[in-house]
Each structure stands twice: as C-alpha cells, then as structure tokens.
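K.L.:
For what it's worth, UniProt numbering labels the leading residue of the sequence shown as 1, then goes sequentially.
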Amino acid sequence: MSRIQQLTPAVVNKIAAGEVIERPASVVKEMLENSVDALATRIEVEVAAGGSELIRITDDGEGIHPDDALLTISSHATSKIRSAEDLFSVHTMGFRGEALASIAEVSQFSLRSRQAENPRGFELEVNGGQLSEPKPCGCPVGTTIEVRNLFCNTPVRRKFLKTPATEMGHITEQFTRIALANSRLHLSLRHNRKVIYDLPATEKMIDRLELFYGAELAEKLIWVESEQEGVRLWGYVAHPSQNKSTAKGQYLFLNGRWIQDRSLNHALREAYRGLLMVGRYPITFLFMEVPAESVDVNVHPTKSEVRFRDSQILYRQLLSTLRKKFLSVDLDGRLNVEG
Ligand code: ADP
Ligand code: MG
C-alpha cells in the first residue's frame, strides 16, 4: 500500500456529493430548502428532462452578499450555524454547508443573486468543478440557481439515472413535501415548460391539500391538534375510508422538516388499528413542533432521519391524540374544520 495522502477539495466534494446528491430530486430538495431558509415568499422550479438537463430555482429571498459568492460553493461554509453548540438548536433547514459545493462539483452550475441593499447582484459559474471569477450583474432581489447536466463528470452516477418520468416523480415528491410544509409560500413547478403545479400562497393548509389531492380527499380530512410536555402536534388525518396500499400518503413533519420515523409510523398504524383493513395505510399530514434542543437532526446527510431525546413522548402523544379524535368525532359527519 502507498502512503497516506490528504484528498484534494475536488475529490472531497465529489465524495460528499455522492452522499447528499443522489439524483436530480436531491438537488431540488437542497435548493428549495435554501430558498425557504432565505425567507423567500415565492419560489419557482423549472426542470427539463427529469432534471438531468436542467434544474433552475428562482426565489425572492434575502439573496447573498457579493463578498460571500465563493463561500456559497465552498464545502463546510454556511451562514446558518457558527459553533458546535448551534448544532443542537438548528432552526433552519440547512446547516451543513455542503449542498451547493457538492452540486457545483458535479454539474454545470450557475448562481445569480442580489440583496435588496445592493443595486447590483453577482453571477458565478462553475463548470464541472472549474470556477470562473464571480462578476457583477443586474438581477432582481433574490437568488437563481441553474444546474445543467447533473453528474456530467461522474458518468457512473449519470448512467444510473432513471427515465425522465421516474426522476420527475422523485422531484415532484420533494416539491410536495416542501409545499405541504410551507403553505404560505407561492410555489410553482414546471417540467419541459409545462406547468405541473402553480400553488398560490395560502394561510390555510387545507387549501393547499385540496390543490394537491382534490376536494374529495380534502372533505374527508380530520383536523387534529394537541400540546403536551412542550410538544405541539397539529394537522390533518384522513377518514379511514381514505387509505392507501403503501405508506406513501403518511406525511410527517418535524419542526418544518419532512421526516421518516419507524416509531412514529408505528404510532400511526396503532391509532388506525381496527379502522383500516389489513395491508392498508392511512393518509396523514401531521406536523410536530418540538424544542430544537430535544432533537438531533445531524444524523443523516439528507436529514430525513432524526433522533429524539425522548421518542416515547412523541409516540404516546401521536397515538393518544388520534385515538381521542377518532372516538370523539362523528366519522360520518363533516370533519375538515381547521383550528
Ligand atoms: P447550508 O444550507 O447547509 O448552509 P448550502 O450549501 O445549501 O449549505 O448553502 C450554502 C450557503 O449559501 C447558505 O448557508 C446560504 O448562506 C447561501 N445560500 C444558498 N442558497 C441560497 C438562497 N437561495 N438564498 C440565499 N442564500 C443562499
Ligand atoms: Mg442548504
């Protein structure tokens, strides 16, 4: 064996990209989260050929200071945390400072951004890891990021991309998760110039759910809400007559982030026990808010798995809130009354 050597930043970024950026949908997820963190009120997503040719995201958020241009694509550079302690009080979707560095390493990447205080913005291009000097440019307040030919310099990854329709399915799912958790945002998604979604900002979650799933399901949604030991739970669960053959209709968000959690899924199954046929899964849109320090989001590169200080509290609360609701409502009456 040869001697140990430090890897170059380019190699490090490619390795990181392998973890965070699995497919076009990962790019969409990371960029949507950045736009949410930048307090955008409007986000447009444009995709061509299932994201393998083009992903463009435009937001009207805070923008980036020109002096930070290069830091946006440096790995482990973030505006969101400062110290190790901050890891236990994360209030933003991002904090690892890895996404843009990874994406820029494996695509033809361009970023334009302007902050309201500055009359001019800047533009930055990275072509398969090759950076061109950032230059000033005129652009609206906010940020536009364009990712072309994802995995252009990692041919193995590129070869593993599925058909545009399949990749688009994954993108739509990521878009849906963000859209459900942020109904106050105006969000749109276009594929090959065709509008897939154009969702106006709304105060009421039910309006957004209706746009996604239709009036028929919306009418069968039951509002639930509870607060115990500093944990707030709210959202909609579908009447048992509305169910699925997979768990894909079970949406669970923790502190604004879509999560996957075996234990909480089990609580859902228990709550619906006796109300659903064997092999059927409930449809739920549930939100939980817990103090940031009682959850560790730094478990998984995509943050879809989290670790709770006390997962039993959430389990019990979820189960009891739903059971109580099912016992108290007339499951044949009108149910979807929010608040
Ligand atoms: P992270 O989100 O973990 O900080 P990213 O690589 O996703 O890491 O982004 C790096 C930095 O670039 C962010 O911390 C943020 O300051 C800036 N940034 C990225 N996208 C946007 C955006 N749409 N609007 C404003 N700033 C952004
Ligand atoms: Mg980010």
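Note that beta-carbon positions come from the ideal geometry of N, C-alpha and C, so glycine has one too. Every value quoted in this text rests on a predicted model; they were computed, and no experiment measured them.
1. Taking a cut-off of 6 Å, which residues have a beta-carbon closer than that to any heavy atom of the ligand MG, in chain order?
2. Keeping to the same chain, check which residues put their C-beta closer than 7 Å to that of alanine 69; ignore five residues upstream and five downstream.
3. With distances taken from CA atoms, which of Gln250, Glu229, Gln242, Lys244 is nearest glycine 235?
4. Less than 8 Å between the beta carbons of leucine 150 and serine 102, yes or no?
5. If you draw a straight line from the alpha carbon of glycine 274 to that of alanine 218, how long is it in whole angstroms?
6. Taking glutamate 232 as the reference, which of Phe253, Phe160, Arg323 has the closest Cα?
7. Could you tell me the boundaries of the alpha helix (DSSP H) in which aspartate 37 lies?
8. Per DSSP, which residues does isoleucine 57 bridge with? Please list them.
9. In chain order, what residues of the same chain have a beta carbon less than 7 Å from the beta carbon of glycine 339, not counting five sequence neighbours either side?
10. Which residue's Cα is closest to the Cα of arginine 157: Ile15, Ala48, Leu87, Arg316?
11. When the Cα of lysine 303 is compared with those of Gln5, Met277, Met1, Glu33, which residue comes out closest?
12. Does the Cβ-Cβ distance between glycine 63 and glycine 142 come in under 8 Å?
13. Among Tyr315, Thr154, Arg257, Glu173, which one has its Cα closest to the Cα of valine 11?
14. Since I believe serine 2 is in contact with alanine 292 (beta carbons under 8 Å), could you give me their beta-carbon distance rounded to a whole number of angstroms?
15. For isoleucine 171, I'd like the list of residues in its chain whose CB is within less than 7 Å of its CB, leaving aside the five on either flank, ordered along the chain.
16. Check whether the Cβ atoms of alanine 99 and valine 126 sit closer than 8 Å, and answer yes or no.
17. Under a Cβ-count criterion, where at least 16 other Cβ atoms within 10 Å of its own Cβ denotes burial, should lysine 220 be classed as buried or exposed?
18. Using DSSP with H/G/I as helix, E/B as strand and the rest coil, what is leucine 327?
19. In the DSSP assignment, the alpha helix (DSSP H) including phenylalanine 109 goes from what residue to what residue?
20. Using 10 angstroms around the beta-carbon of serine 183, count the other beta-carbons present and answer buried if the total reaches 16, otherwise exposed.
21. Could you tell me how far apart the beta carbons of leucine 209 and tyrosine 197 are, in whole angstroms, since I believe they sit closer than 8 Å?
22. How about the segment 261-275 and the segment 54-61: do they share at least three Cβ pairs that are nearer than 8 Å?
23. State the Cα-Cα distance for the pair serine 320 and alanine 271, rounded to the nearest angstrom.
24. Beta-carbon separation of alanine 267 and leucine 318 under 8 Å?
25. Following a CB-centred definition, is aspartate 86 positioned closer than 7 Å to any heavy atom of the ligand ADP?
26. My understanding is that phenylalanine 212 touches valine 45, with C-beta atoms under 8 Å, so please give their C-beta distance in whole angstroms.
27. Got a sec: does the ligand ADP put a non-hydrogen atom nearer than 7 Å to the Cβ of alanine 267?
28. By alpha-carbon positions, which one of Val306, Asp310, Ser241 ends up nearest to methionine 277?
29. Starting from lysine 204 and walking both ways along the alpha helix (DSSP H), at which residues does that stretch end?
P.N.:
Let's see:
1. That query returns the following residues: Glu30, Glu33, Asn34, Gly94, Ala99.
2. Excluding sequence neighbours, alanine 69 sits near Phe122, Leu124, Pro134.
3. Residue Gln250 is the option with its Cα nearest to glycine 235.
4. It is not a contact, given that the beta carbons lie outside the stated cut-off.
5. So the two alpha carbons sit approximately 23 Å from each other.
6. As written in the sequence, residue 232 is arginine, which differs from the glutamate given in the question. The shortest C-alpha separation from arginine 232 is found at Phe253.
7. Its alpha helix (DSSP H) spans residues 24-37.
8. Answer is Val45, Ile145.
9. For glycine 339, the predicted structure reports a pLDDT of 44, less than 50, and the residue's modelled location is therefore unreliable. A value from the coordinates is still provided. Excluding residues within five positions, none has a Cβ falling inside 7 Å.
10. The shortest C-alpha separation from arginine 157 is found at Ile15.
11. Minimum Cα distance to lysine 303 is reached at Glu33.
12. For glycine 63 and glycine 142, yes; Cβs fall inside 8 Å.
13. In terms of Cα proximity to valine 11, the closest of Tyr315, Thr154, Arg257, Glu173 is Thr154.
14. Actually they do not touch by this definition, with Cβ atoms about 45 Å apart.
15. Around isoleucine 171: Pro24, Ala25, Val28, Val47, Gly51.
16. Not in contact: alanine 99 and valine 126 (Cβ atoms no closer than 8 Å).
17. Counting Cβ neighbours within 10 Å, lysine 220 comes out buried, since at least 16 surround it.
18. Reduced to three states, the DSSP call for leucine 327 is helix.
19. First-last for phenylalanine 109: 108-114, but that is the beta strand (DSSP E), not the alpha helix (DSSP H).
20. Around the CB of serine 183, 16 or more other CB atoms lie within 10 Å, so the residue is classed as buried.
21. Rounded, the Cβ-Cβ distance is 13 Å, inconsistent with contact.
22. The segment 261-275, when compared against the segment 54-61, does not touch it at the 8 Å Cβ threshold.
23. Near 8 Å, if we compare the C-alpha coordinates of alanine 271 and serine 320.
24. With contacts defined by Cβ atoms closer than 8 Å, alanine 267 and leucine 318 form a contacting pair.
25. Placement of the Cβ of aspartate 86 at a distance of 7 Å or more from every heavy atom of the ligand ADP is found.
26. So it is not a contact: roughly 15 Å between Cβ atoms.
27. Because no heavy atom of the ligand ADP lies under 7 Å away, the Cβ of alanine 267 does not count as near it: no.
28. When only C-alpha atoms are compared, the closest one is Ser241.
29. In this chain, lysine 204 is not harboured by any alpha helix (DSSP H), its DSSP state being neither H nor E.
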